[in-house]
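Chemist: Numbering (our numbering), first residue to last: 6 to 122.
The structure under discussion is supplied below as structure tokens; questions concerning it will follow.
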Amino acid sequence: MAMIPFKQKYDLEKRKRKSEKMMKEYPNKYPLIVEKADNGDIPQIKRRFMVPGDMTIAKLVAVIRSRINLTAEKAIFLFVDNVLPPSGTTISEIYSQKKDEDGFLYCVYSGENTFGF
């Protein structure tokens with residue numbers, strides 16, 4: 006069963022309150038919403054994350070891979086605002102450019118077989 010997208014599940018004011026609360030609890034971290042793309046057969050994971058600003062996209066992808074137990078032949082791609090950010094970009098850089106008006110940075114992940122299996 007597909008999860009309801011976070012923005013559809015909660016109105017703007019409730020999302021703002023959630024991000025503000027998360028940032029108060031974890032002042033040195035950034036609030037992210039990580040959702041699975043509609044296509045693909047990879048599992049859904051917990052969608053709210055608080056991550057340090059110096060974490061790179063590559064590290065975030067590694068965290069997602071470990072949470073969904075992907076096999077080696079399966080690639081995972083992480084998109085922010087429909088763009089695949091460079092793997093060395095830090096969360097703080099992307100957050101400052103792409104955060105939503107509700108205070109969250111929205112990311113979408115998708116998987117693909119890398120060896121054609």
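Ideal Cβ placement from N, Cα and C applies to all residues, glycine included.
All figures in this text were calculated on a predicted structure; none of them were measured in a lab.
Given a cut-off of 7 Å on the beta-carbon distance, is the pair Phe84 and Ser24 in contact?
Modeler: no
Chemist: Does Arg22 pass the burial test, meaning 16 or more other C-beta atoms within 10 Å, or should it be called exposed?
Modeler: Around the beta carbon of Arg22, fewer than 16 other beta carbons lie within 10 angstroms, which makes this residue exposed.
Chemist: For Lys34, I'd like the list of residues in its chain whose CB is within less than 7 Å of its CB, leaving aside the five on either flank, ordered along the chain.
Modeler: Met55, Val56, Pro57
Chemist: With 7 Å set as the bound, which would you pick, yes or no: does the beta-carbon of Arg52 sit closer than that to a beta-carbon of chain D?
Modeler: Among the chains in the structure shown there is no chain D, since it carries only a single protein chain.
Chemist: Compute the distance between the beta-carbons of Ile50 and Ser92, then report whether it is under 7 Å.
Modeler: Not closer than 7 Å, so no.
Chemist: Just the C-alpha distance for Glu117 and Ala80, rounded to the nearest angstrom, thanks.
Modeler: 5 Å
Chemist: Rounded to whole angstroms, how far is the Cβ of Pro48 from the Cβ of Ile73, which I believe are closer than 8 Å?
Modeler: 5 Å
Chemist: Just verifying my parser: in three-state terms, what is the DSSP assignment at Phe11?
Modeler: helix
Chemist: In the region 25–83, which residue ranges form an unbroken alpha helix (DSSP H) of at least 4 residues, counting only runs that do not cross its ends?
Modeler: 62–73
Chemist: Please determine, among Glu18, Asp59, Met27, the residue with the shortest C-alpha to C-alpha distance to Arg53.
Modeler: Taking only the C-alpha atoms, the option nearest Arg53 is Met27.
Chemist: Can you name the start and end residues of the alpha helix (DSSP H) that Lys103 belongs to?
Modeler: 96–103
Chemist: Sorted by chain position, which residues of the same chain lie with C-beta nearer than 8 Å to Thr94's C-beta, five sequence neighbours on each side aside?
Modeler: Thr61, Ile62
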